[in-house]
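Protein chains in written order, with full-length UniProt numbering: chain S, 1 to 181; chain X, 1 to 181. Here's the structure, in structure tokens; my notes come after.
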DNA sequence: ACGGACATGTAACGAGTTACATGATTAT
DNA sequence: ATAATCATGTAACTCGTTACATGTCCGT
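Now the structure itself:
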């Protein structure tokens, strides 16, 4: 269900094509959701069929045509209805931690490499989110006020990345120490 | 893929039935993965067909029969091979944050209720993980050393929950303040 | 000539959810 | 009686991934 409403929310903020959405997912909601372009197109078709979206084909000079989607009244109503519903308890899925759970099958060097790779990934994400945050802080105050909660989700993303980084750094220190002894 | 290897890892530590696994998922790996009993049974059948698991049917007095699965040599090899592979970058999926991203459709009271519900969930998870942690700390030192990295994943889970709680508490404070002004 | 951004799609498959189904034992 | 725990499964469906497919324009 969440992809459906992530799409509706983004199109509510600003209409766009499947291609646009894919980029907006990467640039502005990657701290809580991700999806492939195939999923976008499938979801857009479905939402359109159900009458939650309008679709306007735009011919462009020097670029392929595109289909710009926007919310219908029905779509806006469905979105409002969903947001007030309490969310189901989260399903946690962390493939990296599954691997570490079986980490006793690794040598100390392999353990260190695995943790280091994870650390690098989360440092990159942190930087990405911080750049987004700076763009937000530079933007229009009225917009900032309207999307205050949305901005808070980004701040959560930043804290989550910092938690990963602290954990991985601590682990690496312990691994180094245990080599010496 | 991760479910497959979570199952293999748990059965590597100790053989068990689908039913057992389901409970062990809830009691001891819920901080990084969850799965329904249907998924367990399907996965066990598949792993058995592929020759990665042995299956022994046990008749029990006063209880239904059960099928106890354990790793074959092939299963152990497959597990080792997988653990050394680098993991793909994580896909983040947080339905609650999707809802908050569309939070400008909510009244201030509804926003507060939503954040409070989330706070309660994460407090409950934190307590659960801390109890698990205490059980681990009371256990055999040899086991603790062997499953050192597995234990670190639990400590990560605890930190992640604390991050959620700090974030939610901060948000609630800000919501209260903005009511006064 | 070649790669990258733009733009949209199909097909097949694997993973996860929901609903349904059965049946014994134990505790209240 | 009735619910909870133990124990295993099928069927239908949705969601997510991977691979394949097409075609233009722009810069180097």
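We put the CB at the ideal spot given by N, CA and C, even for glycine.
To the nearest angstrom, how far is the alpha carbon of residue 76(S) from that of residue 91(S)?
27 Å
Does the beta carbon of residue 89(X) sit closer than 9 Å to a beta carbon anywhere in chain S?
yes
Report the start-end ranges of each beta strand (DSSP E) in the UniProt domain "Transcription regulator PadR N-terminal" (7-81) of chain X that is 3 residues or longer and not cut off at the edges.
53-60 and 63-71
Taking only runs that begin and end inside the UniProt domain "Transcription regulator PadR C-terminal" (92-176) of chain X, name each unbroken alpha helix (DSSP H) of 4 or more residues, in chain order.
95-101, 108-138 and 141-146
Run through DSSP, which three-state label would residue 178(S) get?
helix
Neighbourhood of residue 65(X) by C-beta distance below 7 Å, restricted to the same chain and skipping five residues each side
57, 58 and 59
Find out if the Cβ-Cβ distance for the pair residue 114(X), residue 103(X) is shorter than 9 Å.
yes
My guess is that residue 8(X) and residue 71(X) are in contact by the Cβ rule of under 8 Å, so how many angstroms apart are they, rounded?
7 Å
Can you tell which of 147(S), 109(S) and 98(S) has its C-alpha closest to the C-alpha of residue 4(X)?
98(S)
Whose C-beta lies closer than 6 Å to the C-beta of residue 155(X) among residues of the same chain, with five residues either side of it excluded?
none
Mind checking whether residue 55(S) and residue 41(S) have CB atoms under 9 Å apart?
no
Burial state of residue 26(X) (16 or more Cβ within 10 Å):
exposed
Is any beta-carbon of chain X found at less than 9 Å from that of residue 69(S)?
no
Spatially closest choice to residue 125(S) from 101(S), 159(S) and 109(S), by CA coordinates:
159(S)
Simplified DSSP state of residue 2(S), which is helix, strand or coil
helix
Determine the burial state of residue 73(S): buried for a count of at least 16 other Cβ atoms within 10 Å of its Cβ, exposed for fewer.
exposed
Is the beta carbon of residue 22(S) sitting closer than 9 Å to the one on residue 6(S)?
no
Just to make sure I have the definition right: I need the residues of chain S whose C-beta is within less than 8 Å of the C-beta of residue 132(X). Which are they?
Ordered by position in chain S, no residue passes the 8 Å Cβ test against residue 132(X), which lies about 13 Å from the chain.
Which of the residues in the stretch 128-161 of chain S, read from start to end, lie with their CB under 7 Å from any CB of chain X?
146, 147, 149, 150, 152, 153, 156, 159 and 160
Just tell me which of 52(X), 110(X) and 141(X) has its CA closest to the CA of residue 175(X).
110(X)
Might you give, ordered along the chain, the residues of its own chain that have their beta carbon closer than 8 Å to the beta carbon of residue 122(S), omitting 5 neighbours on each side?
161, 164, 165 and 168
Chain S contacts from the stretch 21-36 of chain X (Cβ-Cβ distance under 8 Å):
29, 30, 31, 32, 33 and 34
Can the beta-carbon of residue 44(S) be found less than 9 Å from the beta-carbon of residue 18(S)?
yes
Express the C-alpha separation of residue 84(S) and residue 106(X) in angstroms, rounding to a whole number.
7 Å
Neighbour flag for residue 72(X) against chain S, beta carbons, 9 Å:
no
Compare the C-beta of residue 65(S) against all C-beta atoms of chain X and say whether one is closer than 9 Å.
no
Assign residue 51(S) to buried or exposed, taking buried as 16 or more other Cβ atoms, counted over all protein chains shown, within 10 Å of its Cβ.
exposed
Under 9 Å by beta carbon: chain X residues contacting residue 117(S):
86 and 87
Interface partners of residue 100(X) on chain S, CB under 8 Å
149, 150, 152 and 153
For residue 147(S) and residue 24(X), what's the separation of their Cα atoms in angstroms?
41 Å
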